[in-house]
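Reading the sequence shown from the start, the letters are residues 1 to 73 in UniProt numbering.
All residues carry an ideal CB built from backbone N, CA and C; glycine is no exception.
Quick caveat, the model's predicted, so the values are computed rather than measured.
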Amino acid sequence: MNVTEYYEKELKERGYQSDEAQLRAVARLQQCYDEWVAYKSRRNNALKKLLVRPDVPKGVYLWGGVGRGKSFL
């Protein structure tokens, strides 16, 4: 299950409503997740950890007003 699918499932289960800003944040979270998966696969054993030094993926900073769904995301 990807981030978007999980987000939509949780919305339905909790009775929450989505909005455009949350969808943009979910898309960026999915991109971040994909980057971390790729990073981990390039360094999946001790030898690769010594030889392969890919750039560490950047994280995501969520900001917004009270009640916008940051904690939910």
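Exposure of residue i, with buried meaning 16 or more beta-carbon neighbours within 10 Å
i, result
"V26", "buried"
"Y6", "exposed"
The alpha helix (DSSP H) enclosing residue i, as first and last residue numbers
i, result
"W63", "Per DSSP, W63 belongs to no alpha helix (DSSP H) and is neither H nor E."
"S18", "Per DSSP, S18 belongs to no alpha helix (DSSP H) and is neither H nor E."
"V3", "V3 to R14"
Sub-8 Å separation of residue i and residue j beta-carbons
i, j, result
"Q30", "G69", "no"
Whole-number beta carbon distance between residue j and residue i, since they are thought to touch under 8 Å
i, j, result
"R28", "V60", "6 Å"
"R43", "V52", "6 Å"
"F72", "Y33", "In fact, because the Cβ distance is near 17 Å, the residues do not count as touching under 8 Å."
"Y39", "V56", "7 Å"
Any non-hydrogen atom of the ligand PLP closer than 7 Å to residue i Cβ
i, result
"K9", "In the structure shown, the ligand PLP is absent, as is every other ligand, since no ligand is present at all."
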